[in-house]
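**Q** If you read the sequence shown in our numbering, its first letter stands for residue 1, the second for the next number, and so on. Idealized CB from N, CA, C, for every residue including glycine. Just so you know, these numbers come straight off a predicted model, no measurement behind them. Right, I'll just put the structure down here and ask away after.
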Amino acid sequence: MKKAVIDLGTNTFNLLVGSVFGDKLEIIYCEKEAVLLGMNGINNGSIAEDAWMRAMQTLFRFKKRCEKQNVDEIIGFGTSALRGAKNGELFVKEVYENIGIRIHIISGSQEAQLIYRGVRWLFDFKQAATIMDIGGGSTEFIAANAGGIVEAQSFDIGVSRLYQNLNKRNNLTANDFKFINEYLEARTGRFFEEDRSTLLIGASGSFETFYEMIFQKKFTAEEKMVTLPLLPLLDQLNWVIDSRYEDRINHKWIVPMRKKMIPIAAFKIKWIIQKLNVDRVLLSPYSLKEGAFGLVGDAII
Numbered sequence: 001m002k003k004a005v006i007d008l009g010t011n012t013f014n015l016l017v018g019s020v021f022g023d024k025l026e027i028i029y030c031e032k033e034a035v036l037l038g039m040n041g042i043n044n045g046s047i048a049e050d051a052w053m054r055a056m057q058t059l060f061r062f063k064k065r066c067e068k069q070n071v072d073e074i075i076g077f078g079t080s081a082l083r084g085a086k087n088g089e090l091f092v093k094e095v096y097e098n099i100g101i102r103i104h105i106i107s108g109s110q111e112a113q114l115i116y117r118g119v120r121w122l123f124d125f126k127q128a129a130t131i132m133d134i135g136g137g138s139t140e141f142i143a144a145n146a147g148g149i150v151e152a153q154s155f156d157i158g159v160s161r162l163y164q165n166l167n168k169r170n171n172l173t174a175n176d177f178k179f180i181n182e183y184l185e186a187r188t189g190r191f192f193e194e195d196r197s198t199l200l201i202g203a204s205g206s207f208e209t210f211y212e213m214i215f216q217k218k219f220t221a222e223e224k225m226v227t228l229p230l231l232p233l234l235d236q237l238n239w240v241i242d243s244r245y246e247d248r249i250n251h252k253w254i255v256p257m258r259k260k261m262i263p264i265a266a267f268k269i270k271w272i273i274q275k276l277n278v279d280r281v282l283l284s285p286y287s288l289k290e291g292a293f294g295l296v297g298d299a300i301i
């Protein structure tokens, strides 16, 4: 059965078409679009009118793409921006009525479960690890080992949420980073009171950009984990944190949709590296959308 999964993220919509054969996920087609669903609304609990229109246009295009791929089923998953929006259910209703895509708005806990399922396609967790998935509205941390999930949490500390809290400034000051640090500490404390693995797995997204910055080549989502060497990663994180917007605009390996908000993502990755005394970083090309494959009907709900 050929299925399409759409991850309706706060910043990016991700489309994945594939099939599952036993314990193997076959990816047929993937595409992403910077929709910025949470822009100008996430901190007020709404989807703004312009973001609504961008989302509808993207979903209509994704639907046409799925039809060309002869997809049997399309399932959408709404994350932080939609689950916190007063008009989120209205958006879901309009998408179904006008485009024919059924969207499940999932909780932060369900989002973390799907991220873990996605990473598990490629990593057996015989070595314990901490997964980090940086989103626009939320960030998920999942501690897992060979026995499964030890603890999974979703925190409202996404890069778009912080970017808008900082009045969408493209050049951040020392005081801005002090604010970000205090924001992270205030909202994630209990998760880090327990001992966590020093192996960090970054789930797609911003981690792919840092791969490209380190290796000066495009990241291709092959079906394997990739090592991000720690010292070169820290060098790139520090460069981004200290950079001006003009520097990022001219940087070949920072994709357009990340040029404004990537200093926040860089600070968060450096923060977690220091928090956990991380000694090894892996990049997983699989995350939520891959984790949704293998589910039957409303199994995640």
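Looking at the unbroken alpha helix (DSSP H) that takes in T58, where does it start and where does it end?
**A** E49 to K68 is the extent of the alpha helix (DSSP H) around T58.
**Q** Within the same chain, show all residues whose beta-carbon is closer than 6 Å to that of T79, passing over the 5 residues directly before and after it, in chain order.
**A** Cβ neighbours of T79 beyond the five flanking positions: G9 and E111.
**Q** For L288, which option in D50, A81 and L114 has the closest C-alpha, if you only look at C-alpha atoms?
**A** Here the closest residue by C-alpha is L114.
**Q** Could you name the residues that DSSP lists as bridge partners for I272?
**A** Bridge partners of I272: none, in fact.
**Q** What separation, rounded to the nearest whole angstrom, lies between the Cα atoms of N70 and F13?
**A** Approximately 20 Å between the Cα atoms of the pair.
**Q** Starting from the C-beta of M1, find all residues in its chain whose C-beta is less than 6 Å away, skip the five residues before and the five after it, and write them out in chain order.
**A** Cβ within range, chain order: D72.
**Q** Relative to the C-alpha of I241, which candidate in P229, A146 and K270 has its C-alpha closest?
**A** For the residues P229, A146 and K270, the minimum Cα distance to I241 belongs to K270.
**Q** Could you tell me the boundaries of the alpha helix (DSSP H) in which N238 lies?
**A** Its alpha helix (DSSP H) spans residues L230 to D242.
**Q** Determine the direct distance from the alpha carbon of A265 to that of G41, and round the result to whole angstroms.
**A** Each residue's alpha carbon lies about 20 Å from the other.
**Q** Do L166 and D176 have their CB atoms nearer than 7 Å?
**A** Yes, the pair counts as a contact, with Cβ atoms nearer than the cut-off.
**Q** Look up L114 in the DSSP assignment and say whether it is helix, strand or coil.
**A** Helix, per DSSP.
**Q** Could you check what DSSP says for G108 in three-state terms: helix, strand or coil?
**A** Helix, per DSSP.
**Q** Can you tell me whether Y96 is buried or exposed, with buried defined as 16 or more other CB within 10 angstroms of its CB?
**A** The residue is exposed, with fewer than 16 neighbouring Cβ atoms inside 10 Å.
**Q** Can you tell me which of the three DSSP states L288 falls into?
**A** Three-state result, L288: helix.
**Q** Could you give the distance in angstroms between the alpha-carbon of I273 and the alpha-carbon of T220?
**A** Cα-Cα distance, rounded: 25 Å.
**Q** Out of E151, I134 and N98, which one is the CA nearest neighbour of A128?
**A** Per the Cα distances, E151.
**Q** Would you call D195 buried or exposed, if buried means 16 or more other Cβ atoms sit within 10 Å of its Cβ?
**A** So D195 counts as exposed.
**Q** Is any heavy atom in the ligand GTP found nearer than 6 Å to the beta carbon of I27?
**A** This structure simply doesn't include the ligand GTP, nor any ligand for that matter.
**Q** Could you work out which residue in S160, V226 and P263 is closest to S204 when comparing CA atoms only?
**A** Ranking S160, V226 and P263 by Cα distance to S204 puts V226 first.
**Q** If you drop the 5 nearest sequence neighbours on each side, which residues of the same chain put their C-beta closer than 6 Å to that of S19?
**A** Excluding sequence neighbours, S19 sits near K2 and E26.
**Q** For Y32, is the classification buried or exposed, using 16 other Cβ atoms within 10 angstroms of its Cβ as the cut-off for buried?
**A** Here residue 32 turns out to be Lys, not Tyr, going by the sequence shown. K32 comes out buried.
**Q** Which class does E222 belong to by DSSP, given the choice of helix, strand or coil?
**A** Correct three-state label for E222: coil.
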